[in-house]
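Asker: Residue numbers (my numbering), protein chains in the order written: chain L, 524 to 868; chain V, 524 to 868.
2 protein chains.
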Amino acid sequence: MSKPSARTPTLEDVARVAGVSRATVSRVINGIRNVDSEIQETVREAIRATGYAPNQAARSLVTRRAGTIVLVMAGAPGEGEEFATQVFGDPFFGRVAGGVVNFLRNHGIHPVLMLAETGEARTEVIDFLRRGNADGALLVSTHPEDPLPRLLIDAGLPAVLFARPARPVPISYVDTAHQAGAELAADHLVSRGRTKVATICGPLDVPAAQARLAGFQQAMDRHGYPYIPIAEGDFTQQSGETAMARLLTEHPDLDGVFAANDLMAHGAVLVLQKNGRRVPEDVAVVGYDNSPPALASRPRLTTVVQPVEEMVAEMARILLDRIESPEQAPRSVVFDPALVVREST
Amino acid sequence: MSKPSARTPTLEDVARVAGVSRATVSRVINGIRNVDSEIQETVREAIRATGYAPNQAARSLVTRRAGTIVLVMAGAPGEGEEFATQVFGDPFFGRVAGGVVNFLRNHGIHPVLMLAETGEARTEVIDFLRRGNADGALLVSTHPEDPLPRLLIDAGLPAVLFARPARPVPISYVDTAHQAGAELAADHLVSRGRTKVATICGPLDVPAAQARLAGFQQAMDRHGYPYIPIAEGDFTQQSGETAMARLLTEHPDLDGVFAANDLMAHGAVLVLQKNGRRVPEDVAVVGYDNSPPALASRPRLTTVVQPVEEMVAEMARILLDRIESPEQAPRSVVFDPALVVREST
DNA sequence: ATGAAAGCGCTAACAA
DNA sequence: TTGTTAGCGCTTTCAT
Chain L
524 MSKPSARTPT LEDVARVAGV SRATVSRVIN GIRNVDSEIQ ETVREAIRAT GYAPNQAARS
584 LVTRRAGTIV LVMAGAPGEG EEFATQVFGD PFFGRVAGGV VNFLRNHGIH PVLMLAETGE
644 ARTEVIDFLR RGNADGALLV STHPEDPLPR LLIDAGLPAV LFARPARPVP ISYVDTAHQA
704 GAELAADHLV SRGRTKVATI CGPLDVPAAQ ARLAGFQQAM DRHGYPYIPI AEGDFTQQSG
764 ETAMARLLTE HPDLDGVFAA NDLMAHGAVL VLQKNGRRVP EDVAVVGYDN SPPALASRPR
824 LTTVVQPVEE MVAEMARILL DRIESPEQAP RSVVFDPALV VREST
Chain V
524 MSKPSARTPT LEDVARVAGV SRATVSRVIN GIRNVDSEIQ ETVREAIRAT GYAPNQAARS
584 LVTRRAGTIV LVMAGAPGEG EEFATQVFGD PFFGRVAGGV VNFLRNHGIH PVLMLAETGE
644 ARTEVIDFLR RGNADGALLV STHPEDPLPR LLIDAGLPAV LFARPARPVP ISYVDTAHQA
704 GAELAADHLV SRGRTKVATI CGPLDVPAAQ ARLAGFQQAM DRHGYPYIPI AEGDFTQQSG
764 ETAMARLLTE HPDLDGVFAA NDLMAHGAVL VLQKNGRRVP EDVAVVGYDN SPPALASRPR
824 LTTVVQPVEE MVAEMARILL DRIESPEQAP RSVVFDPALV VREST
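#1: Who pairs with residue 546/V in a beta bridge, going by DSSP?
#2: Check whether the region 618-638 of chain L and the region 584-599 of chain L are in contact - that is, three or more C-beta pairs closer than 8 Å.
#3: In the DSSP output, what is residue 858/L paired with across the bridge?
#4: Report yes or no: do the region 672-683 of chain L and the region 823-830 of chain L share at least 3 C-beta pairs separated by less than 8 Å?
#5: Hey, does residue 832/V have any beta-carbon neighbour from chain L nearer than 9 Å?
#6: Quick check on residue 554/V: does DSSP put it in helix, strand or coil?
#7: What does the alpha-carbon distance come out to for the pair residue 717/L and residue 729/L?
#8: Does DSSP put residue 806/L in a helix, in a strand, or in coil?
#9: Alpha carbon to alpha carbon, how far is residue 540/L from residue 554/L?
#10: Grouping DSSP H, G and I as helix and E and B as strand, with all else coil, what is residue 691/L?
#11: Any chance you could list the alpha helix (DSSP H) runs of at least 4 consecutive residues sitting entirely within the region 609-679 of chain V, in chain order?
#12: What in chain V is Cβ-close to residue 583/L, meaning under 7 Å?
#13: Does the CB of residue 863/V have a neighbour CB from chain L at under 9 Å?
#14: Does DSSP put residue 825/V in a helix, a strand or coil?
#15: Please report how far the alpha carbon of residue 667/V lies from the alpha carbon of residue 627/V, in whole angstroms.
#16: To the nearest angstrom, report how far apart residue 756/V and residue 724/V are at their CA atoms.
#17: Where does residue 779/L sit, in a helix, a strand or coil, going by DSSP?
#18: Quick one: what's got a C-beta closer than 6 Å to residue 565/L's C-beta in the same chain, skipping five residues either side?
#19: Does DSSP put residue 536/V in a helix, in a strand, or in coil?
#20: Excluding the 5 residues flanking residue 847/V on each side, which residues of the same chain have their C-beta closer than 7 Å to its C-beta?
#21: Taking DSSP as the reference, what is the three-state secondary structure of residue 846/V?
#22: In the DSSP assignment, what residue or residues form a beta bridge with residue 755/L?
#23: Could you check what DSSP says for residue 792/V in three-state terms: helix, strand or coil?
#24: How would you list, in chain order, the residues of chain L whose beta-carbon sits under 8 Å from the beta-carbon of residue 845/V?
#25: Could you round the C-beta distance between residue 591/V and residue 537/V to whole angstroms and report it? I think they count as a contact, below 8 Å.
#26: Give the DSSP bridge partners of residue 596/V, in chain order.
#27: Compare the C-beta of residue 647/L against all C-beta atoms of chain V and say whether one is closer than 9 Å.
#28: Select from 699/V, 820/V and 587/V the residue whose C-alpha is nearest the C-alpha of residue 865/V.
#29: With residue 657/L and residue 655/V assumed to form a contact (beta carbons below 8 Å), what rounded beta-carbon distance in angstroms separates them?
#30: Rounding to the nearest angstrom, what Cα-Cα distance links residue 838/L and residue 699/L in this structure?
#31: Under the rule that 16 or more other beta-carbon atoms within 10 Å means buried, what is residue 525/V, buried or exposed?
#32: Measuring only the C-alpha atoms, how far is residue 850/V from residue 844/V?
#33: With DSSP as the reference, label residue 591/L as helix, strand or coil.
#34: Using a C-beta cutoff of 9 Å, does residue 760/L count as contacting chain V?
#35: Is there a Cβ from chain V that is less than 9 Å from the Cβ of residue 655/L?
#36: Residues bridged to residue 742/V by DSSP?
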């Protein structure tokens, strides 16, 4: 007993126990062939015996890889500390986080969670990456004019966005065909025999909300309904309720509604029912996102599915690729939405 | 122009520009006094000029601090990949994540998100910490018999749990007084004049579910109702519906229900309404957690609040403390629940 | 108050 | 196939 084993074992210790050099142990650990299989076994045994775990800091120092990426939820500041509550309270965040974690864990990498709603917070994200704390960023912005993509590009940091940025920037992103999704909703309402259809759209400065509205209008136009009543919401349930109330006042005879997300659709259903309309008998309602509210609502909502988990997995795939070979041109992948038919239509 | 500035600047570079030694620059960066204020300014200027960002790996290598912690969501495996979906779909997760992120960001530290539902995943968590990737763990288990706390202790890794572990282990945790919370619910139902009250409890192998049930029973007993009908659920909305249906069949005249969480309470409301009962006129319903479903439900639910955000902030506080001074004894903090009265009672 | 220098634990280029 | 060795960029004694 020469050493007071309090220290956590290093490569050196393993090497000594195995009777080989540090380099050989390193090779075994990193799965490099060209190592005699007997020696490999000896080394593995020594690793077990010493309880060795590689020091990531030392490793990163030489490889210049953190082996970590950041998942950034960005947007405009809510009210004070409310941003976190708002972001994390949204079931959409759960799907994003779940998709990211599930994909990355197979690669032995784990995401760091960051918020970026203020200038300070954005700087923190950039610094975090520049310090080498993480190798790249997955960015989900609620706000279309988010300055973070630009900052990331200027700093030359690998990043992939969820959703196409409002103004074109040379950066990779993943999105769905929102227009096509809205068309699905329109076609479905028409196929259900609805003729007096309205829509609750999202904030029109959000490209996705625009696209959904445009897609819906165009498809309805194609079906012979050039004029569609519109009420704008902000993607919250409350705004859906308000919008529906207005629509109902102005068009008491409507028989179909398409809302740009499930939360607003749910709000719409509540208001319709309170006003004595049966869903779907009197008014059919279609949502968007296939999020938990679509199932919590009664009747459960027919909705357009955005394959969020697949999308974020693709984001991660692109990011990892970009980290491997930094000189790649930005890539973008657009997924197809689908319609999930439930009892609300 | 002697250098091809492609390299990212190091301390050395800053030192050269500022005309001082590495040590001095390091001191300025780390806010150590005993540095002439003129020199300080020179150094800061050099940092700006070079665009220097400290390399975290190099830092960690010497300080033996990652400056990061892990947020682990643990539990029993769902079905295959479903665990992530399940965990992240739960609004509770959003509150936990939000609380953790909001607290830690003020300390300049950011959580790594990990899942630990299988043996392999648990090993990954332990290894992650042993490699020095993070300095400690915040652990939220859905499963009471989770083996992870034990593993963490055995490895001597700093950790703090959300909720008291099923079997006593020497580890810090934060919890609420579940029993007291359930008593709040009982007292409230009685004060609303309810005399035929039932409860939908959670899985009885979960300590919190047990405590809520016991607290409810004891309080009702104290009010003169020794026998309370019980139906067991598993914290999902579906199970709440099933439990409520059964309760209604067996006790068609009940006028009050306490469910061990909001999701089940919401399910109960749905079933009650479908069976022609008005809430709260015919049957009053109390939930637990004050989670989004409590607000999404119509009528909105009276519920018991667990101050989740404060609790996780306290967890982080304890963990950071423990990381600073590792020799501390485990600490536990129990928060008081409160009742939020809404329209369901 | 400042600088010189010794590592922290690891990978990888080069030798053998 | 294996070993030797030179750093990676930083903090931190120890001198001065």
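Even glycine gets a Cβ: it sits at the ideal position worked out from N, Cα and C.
Answerer: Let me spell this out:
#1: None, per the DSSP bridge assignment.
#2: yes
#3: 699/L
#4: no
#5: yes
#6: coil
#7: 28 Å
#8: coil
#9: 19 Å
#10: coil
#11: 614-628, 642-653 and 671-677
#12: 580
#13: no
#14: strand
#15: 26 Å
#16: 6 Å
#17: strand
#18: 541
#19: helix
#20: none
#21: helix
#22: 724/L
#23: helix
#24: By Cβ distance, chain L contributes nothing, its closest Cβ being about 18 Å from residue 845/V, past 8 Å.
#25: In fact, because the Cβ distance is near 25 Å, the residues do not count as touching under 8 Å.
#26: 638/V and 663/V
#27: yes
#28: 820/V
#29: The pair is not a contact, with the Cβ atoms about 16 Å apart (cut-off 8 Å).
#30: 12 Å
#31: At residue 525/V, the pLDDT of 38 sits below 50, so the modelled position is not reliable; the number obtained from the coordinates is stated separately. So residue 525/V ends up on the exposed side.
#32: 10 Å
#33: strand
#34: yes
#35: yes
#36: Bridge partners of residue 742/V: none, in fact.
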